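Residue numbers (the working numbering): 1 to 269.
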């Protein structure tokens, strides 16, 4: 049952929430309305979509993972049933005094376990690298890949470990790189940077120097966005190893480890 909730001006200017897809932002506000007075609800993606986004063609599970990665919601399991907890719900919402108490167990209740968020918009393709393009109808991707999710997720975490800088300053730096050079080019440079051996002393300066010669990308089609960043990265990693006379196949190792999708490299066959 939907309830009336409050929405504050800060919702629209939240830069962390802005990293999510527009539909994920709408979904977040919708979750407030279908959650109980404690901000909890059952994790039933089909029902959630029917309640909040009935007219949109989208993957609600992927949208929720985006919110979960940024700590807006928590997904947890109690006695085999999976629930969602809207974080800080009590801080921002004032349920009506007659609204029933929550009957859903809290995330910290006995026997509960947190469900870790997987990649929000990336579906790994276990098939080998093909030297010829895969037609879009046959591509094994469930949804368009969003480079920003990777940049401000895995790659941001790596930069924090390497530079010891604050998350806020790194987000600002990466945001400027994305704005100036494009999301896919920035992600490709980050992946290439991580493959360098020995690691750079100043990763931010090295990243900037790698991006400097590149122009901002034009807008890619959804299919192109799936391929671009990783195709560029793999090509540059292998070229760099070849120039040094090495045959370490770093790109292949990344793929075999399952961290990055196996993609079609157009134009190489």
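Every residue gets a Cβ at the ideal spot worked out from N, C-alpha and C, and that includes glycine. Computed from a predicted structure; not experimentally measured.
Residue of the options minimising C-alpha distance to residue i
{"i": "residue 148", "options": "174, 198, 197, 45", "result": "174"}
{"i": "residue 61", "options": "46, 55, 54", "result": "46"}
{"i": "residue 93", "options": "183, 33, 56", "result": "33"}
{"i": "residue 107", "options": "97, 99, 78", "result": "78"}
{"i": "residue 14", "options": "168, 190, 183, 189", "result": "168"}
Cβ separation of residue i and residue j, assumed to be a contact under 8 angstroms, to the nearest whole Å
{"i": "residue 71", "j": "residue 87", "result": "6 angstroms"}
{"i": "residue 38", "j": "residue 102", "result": "4 angstroms"}
{"i": "residue 82", "j": "residue 43", "result": "4 angstroms"}
{"i": "residue 21", "j": "residue 66", "result": "7 angstroms"}
{"i": "residue 58", "j": "residue 17", "result": "With a Cβ gap of about 17 angstroms, residue 58 and residue 17 do not count as contacting."}
Whole-angstrom distance between residue j and residue i, CA atom to CA atom
{"i": "residue 226", "j": "residue 95", "result": "Unreliable placement is indicated for residue 226, whose pLDDT of 48 sits below 50; no coordinate value is reported for it."}
{"i": "residue 198", "j": "residue 192", "result": "12 angstroms"}
{"i": "residue 156", "j": "residue 171", "result": "7 angstroms"}
{"i": "residue 275", "j": "residue 176", "result": "For the chain, the structure presents residues 1 to 269; residue 275 sits outside this window and is missing."}
{"i": "residue 7", "j": "residue 80", "result": "33 angstroms"}
{"i": "residue 100", "j": "residue 54", "result": "26 angstroms"}
{"i": "residue 164", "j": "residue 150", "result": "19 angstroms"}
{"i": "residue 190", "j": "residue 179", "result": "15 angstroms"}
{"i": "residue 76", "j": "residue 187", "result": "31 angstroms"}
{"i": "residue 48", "j": "residue 56", "result": "12 angstroms"}
{"i": "residue 68", "j": "residue 213", "result": "36 angstroms"}
{"i": "residue 154", "j": "residue 98", "result": "43 angstroms"}
{"i": "residue 25", "j": "residue 183", "result": "20 angstroms"}
{"i": "residue 9", "j": "residue 166", "result": "26 angstroms"}
{"i": "residue 321", "j": "residue 11", "result": "As displayed, the chain neither begins before 1 nor continues past 269, which places residue 321 out of reach and without an answer."}
{"i": "residue 91", "j": "residue 50", "result": "27 angstroms"}
Contact under 8 angstroms by Cβ, residue i with residue j
{"i": "residue 203", "j": "residue 162", "result": "yes"}
{"i": "residue 41", "j": "residue 35", "result": "yes"}
{"i": "residue 208", "j": "residue 200", "result": "no"}
{"i": "residue 64", "j": "residue 30", "result": "no"}
{"i": "residue 152", "j": "residue 19", "result": "yes"}
{"i": "residue 159", "j": "residue 185", "result": "no"}
Any non-hydrogen atom of the ligand GDP within 7 angstroms of residue i CB
{"i": "residue 209", "result": "Of ligands this structure carries none, so the ligand GDP is not represented either."}
Query raised in the report: Where are the beta strand (DSSP E) runs, 3 residues long or more, that stay fully inside the stretch 142 to 173, in chain order?
Result: Unbroken beta strand (DSSP E) stretches of 3 residues or longer found wholly inside the stretch 142 to 173: none.
Query - 3-residue-minimum beta strand (DSSP E) runs that sit fully inside the stretch 45 to 88, ordered along the chain - result: List check, beta strand (DSSP E) in window: 73 to 78, 81 to 86.
Query raised in the report: What are the start and end residues of each continuous alpha helix (DSSP H) run of 4 or more residues lying completely inside the stretch 180 to 210, in chain order?
Result: Those alpha helix (DSSP H) runs which fall completely within the stretch 180 to 210 and span 4+ residues are 183 to 195.
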